[in-house]
């Protein structure tokens, strides 16, 4: 009872703390923008590397600072004064870049159905198709903040393009820095095969009238490359002519029907909109450049699969090129065969364009989000990194005419910022956060604090100079991937799934498995009573509370939770984690070991006391083993289709006339009253032997096994109906023979009683066979024995699933324990404390018995103190460290450090804290090593944990970083 | 309005009803077709006495009298002197509420939209079908005025009009004609936003072009009339011709657009998505009708609340009041109660009933009640179904509240209009008792209450009823295990029904249910046909599948 209330109080405290933590996290999260609109758009960003991509600023600013006010960058640099009124967001090891600019995208664009079929259709505006209120998470998630939207590429002149941002205030009515950067940025012209042979154009007159003749469908141009520039020239001339009004002599009746495209083209031409010309072949490049030059307009080329063949021409003309990479990574297939016209994708072609003002975009038809990948591919062509990064930031912004707002991080520009985990073009780095106009528009979803246990854990990649897999295996410059709380991969390189968080501990970083406290009392809160052997201590724990987290922060991730005193029948020890979302998350094993205390026992009596308990366990185990064997046999038989006869426990009734006595015979009785809605009648056969009565109900047939047992005392009958009531006792009855062959009385059960009246209707004797207890269920299936909670741990122990932890002191005790547990029962055994263990070191090593060494056991050797663990480890006896405390477990690493200082090898101490402890306690399938499949428990230090000056930098439990 | 033919109709109606006792089922179905409008002879003066009055504009009166004289409200309040010649109607314990207004509906039309994008020359007059069950249902739901307007699948649509849900011809029904032009910035089906907006711009630019041509033409025609030769070039002709244009010279295609751009016509623009709101506002501003703009919004448009707030135009909200959105990265669902956003922004809005008849959202009062539930003040919610739409339609002085001088459109609820168990008991339109629940044939068929009407029905329909029941409900009959049930038995049970249910007549009850279902099927079937045309929910149909649909087309919609 005490235990229960203790647990309750504790879990309440824990949940309070959890709530507080949650609130704190939420506050912290919102301070840096959970994406909300009402957040301060003025802040200071600090990061390890800032790449402003501005010609006037250094290429990389190490440990730089960006100051943002009202969504606008006001300062960028290394040593600049931070205004005291602004919140500082320290992004630590991150790299900061300007938001990427995609000079071509698949957003907007494209008509649906049979619309937009006019070959020259300047009246269409791409900005109309831009959904200003839509969410562009999937594109923004890749760092793309500004895109060009095109009215289409399917006709010669498809309309007017626009440049928009993918975040920020959507309503253009009220704000200066809105989503649409330029609603009319360019006149989109497309050259090449794709625009040849447009469909005939039909004009309908509505409402139909007999006054107006039905006009035949008009043919549209161009039909070929020869006509494409001609068609453009014609359309432009006609538009300009139309703008000045109809020719003087052309009267109203003869003028063509009004079309928006004519005045729109005239307007666009007059306003000298930039010409955006899509080209594929080299010949189109040539035509486009000539056209731009002849018309004396600003212009740039887009696409350019064959641009490398006209690279010099483009460079000479000084016309920028938005190059669509032909990405071999995304579409590795694509047969070319013998098609002589096919343009062979060759990434090397890009290198020819190194003199051209170049912007890069994703391959045609592929998501705009692939911009960074497109850029990374370009690196392979031999372009230098700087040019490639500029080609997705500053250069496209300049080409699109929006470089006053976006494309670089310099004072006056919008705070469109991409935070990356590593180098911008490294395949393993990820977008950590994206700001547009100073608002957070993207964060990996689970990186924000989420309520509820269904919150998905984000993948985590930990990189460090040394990954300490185990004492025999360390990886230099290694990495570990944790997904869903488990280690998935360990090695020199690991997969980087989307949204993975990356912790880069740097070259000096050292990753080791989480430390194990082999004997601690965390969560007991001073409760010094011994737990009964049928209770697992893990029932006490809930969400990690402040004390638990204090321990977790020190690097201790697992605690073997022990009561202060062990029960004489053997206490259960539980293995728990020091942090976790809930109880399930925290329990490694409810019953992780059975502990005996023989510290003060006479060595000679150990066999008796502990042995007796083991005997009981053994019997229990045998019962189960027998059942399992029978079950296996039964299943085998059943599988083969053999009919297993039900062991029928039906009793045979033999009856014969017998000597008369007042009881023996068939009684017909009626039960009334109590909860019975109406009287029940039945027949009961009774037999009197001496004063003992035995009987069965014969009518109505009772489906259960039962037995009426009673005694006759004068004319009083008392007894019980033995029927399985699942431990609620048997119904009792008492009756009086008030007349010959007639009795009255009552039956009571669980406080309910009913009246009974019966009459003997036959005086024959009915024999009952002694029934045996049922051992077989339906179809002869063996029934399992009863579960005994107090013997369950012993069963697990005897099955060698969990170890026995024995608290011993003297050599004689150790000897007795080894003889009994190890030699006789061959059980996995761990000695607790065992101050004299060094005397048995060889025997222990031979039998592979581990020792949980006391907190400070220092002996002197040649006048110098040394740690006993050294003696043991030298003799290959595995050791583990214990705190023997509650949240004092936080000093466990220091206890180990002390041992190292007193002679223990540093790696041996680390092994004792991790893998050796896990192995001896048989929890090494979950913790103790950095192997795939194990729990994601790690400690990251800035050096070997037992080197002077090393400190814990990160603790990760179940893949979740413990908040420091 | 005075229903000129109502006496005659009433007589015809009653004589038909009387005769129908001996009529065949088909004829009975014809009787059912006649709208449940009860054409009471309009007394010149009606006093609704003893009810709670919710005038929407002004204070509530807990127990008062509303006096109607010649179709107008002439007095209202706790102490009203009732003229000696007024017909007194006791509505004590009931609630008087203004006739509700359906602000935007294409359901009175046979086809909601043309396939052409620009059709300002259309008028819903040509497409309203007075026999639509929709109007009957509107009346039953307490709607006394419907703004019939083309649906959203258009760029520039036709003219709308406000009608009463009673009357045999469109002229009779009409309250106000040529109310507004319908426009849409959300793409027409098979189109896209680029084309939609280019088409919209083209329509107005073409208008300018047309006006120039017209001026030129007018100048030439003018000279021709005077037998003069054309003396100037086209540019000069256009200039001179401008003054010669009279309204009758505009052709059908442009006449309404001219009115629109000169501020003589209202425009209702549908913006189905938040991104369409901006273009809708700028279209109105650019073409000079911003002051006469009403926005009809899709559920998502609350996102553009900033733009809407800046514009300060009245809006009609989507019948779908809750907007749900899933985050593509986290999969989290976010729900927004749309009217709350508008109420918080201080915008004037009107609510629409859902087109799906099987949902509770078909009741305007339910829509308003949901608003109250989500934290909008009761007054705002009530205004959104009465006075706000009236003002949007330019009828703020005539409809939408119970005020002296206004048209007497009054709904008598059995309880508070926002309570879901309140029924519309009576509806007065123009002071005429247009609907009386106790005489609602269709409701009676659905619920078959005891009482005079019920008795009469069961008697008269001996043959008809049972025919339909057996035909429509063969599977139902099997379930009840009463295949052999004879018509006679069924009738017997029918008459026994009101006495309540004792355990023995279990079977009888089942049979009765079957009979009722037959009748219900009949009513439902017609409802379904209506629904099909309105693309109403699949669910409503499947629920009644195999019942109503079976028995032929005894009662088409006429």
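Chains as they are written, first to last, in my numbering: chain A, 925 to 1888; chain B, 786 to 1343. All C-beta atoms in this analysis are idealised placements derived from N, C-alpha and C, irrespective of residue type, glycine included.
Worksheet item: Are any of the Cβ atoms in chain B nearer than 9 Å to that of residue 1083 of chain A?
Response: Answer yes: the Cβ-Cβ gap between residue 1083 of chain A and chain B drops below 9 Å somewhere.
Discussion item. I'd like to know if residue 1247 of chain A contacts chain B, where contact means its C-beta is closer than 9 Å to some C-beta of that chain.
Written reply: Not an interface residue.
Worksheet entry | Integer-rounded CB distance, given that residue 1791 of chain A should sit under 8 Å from residue 1826 of chain A | At roughly 4 Å, the Cβ-Cβ gap stays under 8 Å, so residue 1826 of chain A and residue 1791 of chain A are in contact.
Discussion item. Within the continuous beta strand (DSSP E) that includes residue 1499 of chain A, where are the two ends?
Written reply: Note, residue 1499 of chain A: beta strand (DSSP E), 1495-1501.
Discussion item. Spatial neighbours of residue 1683 of chain A within its chain, please: C-beta separation below 7 Å, excluding the five flanking residues on both sides.
Written reply: Counting only residues of its own chain and dropping the five nearest sequence neighbours on each side, residue 1683 of chain A has a CB closer than 7 Å to the CB of 1591, 1592, 1665, 1666.
Worksheet item: Counting pairs of beta carbons, one from the segment 881-900 of chain B and one from the segment 1014-1026 of chain B, are three or more of them closer than 8 Å?
Response: Touching, no.
Fill in: Rounded C-alpha distance that separates residue 1871 of chain A from residue 1746 of chain A
Each residue's Cα considered, the two are about 37 Å apart.
Practice prompt. Note down, in chain order, every chain A residue with its Cβ under 8 Å from the Cβ of residue 1100 of chain B.
Written response: Neighbours of residue 1100 of chain B across chain A, judged by C-beta separation under 8 Å, do not exist; the nearest C-beta is about 15 Å away.
Worksheet item: Measuring CA to CA, which of A:1838, A:1211, A:1220, A:1207 is closest to residue 1193 of chain A?
Response: When C-alpha distances from residue 1193 of chain A are compared across A:1838, A:1211, A:1220, A:1207, the shortest belongs to A:1220.
Worksheet item: Run through DSSP, which three-state label would residue 1873 of chain A get?
Response: Shown here, residue 1873 of chain A sits in coil according to DSSP, grouped into three states, outside any helix or strand.
Worksheet entry | Residue interval of the beta strand (DSSP E) (run including residue 1082 of chain B) | Counting along the chain, the beta strand (DSSP E) containing residue 1082 of chain B begins and ends at 1078-1082.
Fill in: Own chain, CB closer than 6 Å to residue 1939 of chain A, minus 5 neighbours either side, in chain order
Only positions 925 to 1888 of chain A appear in this structure, which leaves residue 1939 of chain A out of reach.
Discussion item. Going by DSSP in three states, residue 1165 of chain A sits in which element: helix, strand or coil?
Written reply: In this structure, residue 1165 of chain A counts as helix in the three-state DSSP scheme.
Worksheet item: First and last residue of the beta strand (DSSP E) that includes residue 1482 of chain A?
Response: Run containing residue 1482 of chain A: 1480-1485, per the beta strand (DSSP E) assignment.
Practice prompt. Establish whether the CB of residue 1048 of chain A and some CB of chain B are separated by less than 9 Å.
Written response: Cβ-Cβ to chain B under 9 Å: yes for residue 1048 of chain A.
Item to complete: Give a yes or no on whether the C-beta atoms belonging to residue 1049 of chain A and residue 1084 of chain A are separated by under 9 Å.
Response: By the CB criterion at 9 Å, residue 1049 of chain A and residue 1084 of chain A fall inside the cutoff.
Item to complete: Check whether the Cβ of residue 962 of chain A lies closer than 9 Å to any Cβ atom in chain B.
Response: With a pLDDT of 43 at residue 962 of chain A, under the threshold of 50, the modelled position of that residue is not reliable, and the figure given next carries that caveat. At a cut-off of 9 Å between beta carbons, residue 962 of chain A makes no contact with chain B.
Worksheet item: Can a CB atom of chain B be found closer than 9 Å to the CB of residue 1551 of chain A?
Response: With 9 Å as the cut-off, residue 1551 of chain A does not count as an interface residue toward chain B.
Discussion item. Strictly below 8 Å CB to CB, what residues from chain B border residue 1056 of chain A?
Written reply: Neighbours of residue 1056 of chain A on chain B, chain order: 1059, 1060, 1063.
Worksheet entry | Segment limits, beta strand (DSSP E) that includes residue 1684 of chain A | Run containing residue 1684 of chain A: 1676-1686, per the beta strand (DSSP E) assignment.
Practice prompt. Drop a sphere of 10 angstroms on the beta-carbon of residue 1103 of chain B, count the other beta-carbons inside from all chains shown, and report buried for 16 or more, exposed for fewer.
Written response: By the 16-neighbour rule on beta-carbons within 10 angstroms, residue 1103 of chain B is buried.
Practice prompt. Find the residues of chain B that neighbour residue 1075 of chain A, judging by a C-beta separation of less than 7 Å, and give them in chain order.
Written response: For a Cβ distance threshold of 7 Å, residue set 979 of chain B lies close to residue 1075 of chain A, ordered along the chain.
Worksheet item: Does residue 1879 of chain A get closer than 9 Å to chain B when you measure Cβ to Cβ?
Response: So, not an interface residue.
Discussion item. Tell me which residues share the same chain as residue 1087 of chain B and place their Cβ nearer than 8 Å to its Cβ, disregarding the 5 neighbours each side in the sequence.
Written reply: Result list for residue 1087 of chain B: 1059, 1108, 1121, 1123, 1126, 1127, in chain order.
Worksheet entry | Neighbourhood of residue 1722 of chain A by C-beta, 8 Å cutoff - its chain only, sequence neighbours within 5 removed | Excluding residues within five positions, the ones whose Cβ falls inside 8 Å are 1538, 1541, 1542, 1545, 1749, 1751.
Worksheet entry | residue 1030 of chain B to residue 1013 of chain B span [Cα, whole Å] | Those two C-alpha atoms are separated by around 19 Å.
Item to complete: Determine, using beta carbons only, whether residue 839 of chain B and residue 861 of chain B come nearer to each other than 9 Å.
Response: Result no, Cβ atoms of residue 839 of chain B and residue 861 of chain B do not sit closer than 9 Å.
Worksheet item: By how many angstroms is the C-alpha of residue 1774 of chain A removed from the C-alpha of residue 1768 of chain A?
Response: Looking at the backbone, the Cα of residue 1768 of chain A and that of residue 1774 of chain A are separated by about 7 Å.
Practice prompt. Note down the Cα distance separating residue 1307 of chain A from residue 1237 of chain A, rounded to an integer number of angstroms.
Written response: Taking the straight line from one Cα to the other gives about 19 Å.
Worksheet item: Starting from residue 872 of chain B and walking both ways along the beta strand (DSSP E), at which residues does that stretch end?
Response: Looking at the DSSP string, the run of the beta strand (DSSP E) that includes residue 872 of chain B is 872-875.
Discussion item. Just to check my reading of the structure: residue 1840 of chain A and residue 1804 of chain A have Cβ atoms closer than 8 Å, yes? What is that Cβ distance to the nearest angstrom?
Written reply: The C-beta separation of residue 1840 of chain A from residue 1804 of chain A comes to about 6 Å, placing the pair in contact by the 8 Å criterion.
Fill in: Length at least 3, wholly inside the segment 984-1064 of chain B: the beta strand (DSSP E) runs in chain order
Listed in chain order, the beta strand (DSSP E) elements of length 3 or more contained wholly in the segment 984-1064 of chain B are 1051-1056.
Practice prompt. Name, going along the chain, the residues of the segment 1118-1139 of chain B whose beta-carbon falls closer than 7 Å to a beta-carbon of chain A.
Written response: Hits within the stretch: zero.
Worksheet item: residue 1113 of chain B touches chain A at which residues, Cβ-Cβ below 8 Å?
Response: Under the 8 Å cutoff, chain A gives 1059, 1061, 1062.
Worksheet item: On the three-state DSSP scale, how would you describe residue 1548 of chain A?
Response: Helix at residue 1548 of chain A.
Worksheet item: Any chance the segment 1068-1076 of chain A sits against the segment 1008-1026 of chain A, with 3 or more Cβ pairs inside 8 Å?
Response: The segment 1068-1076 of chain A, when compared against the segment 1008-1026 of chain A, does touch it at the 8 Å Cβ threshold.
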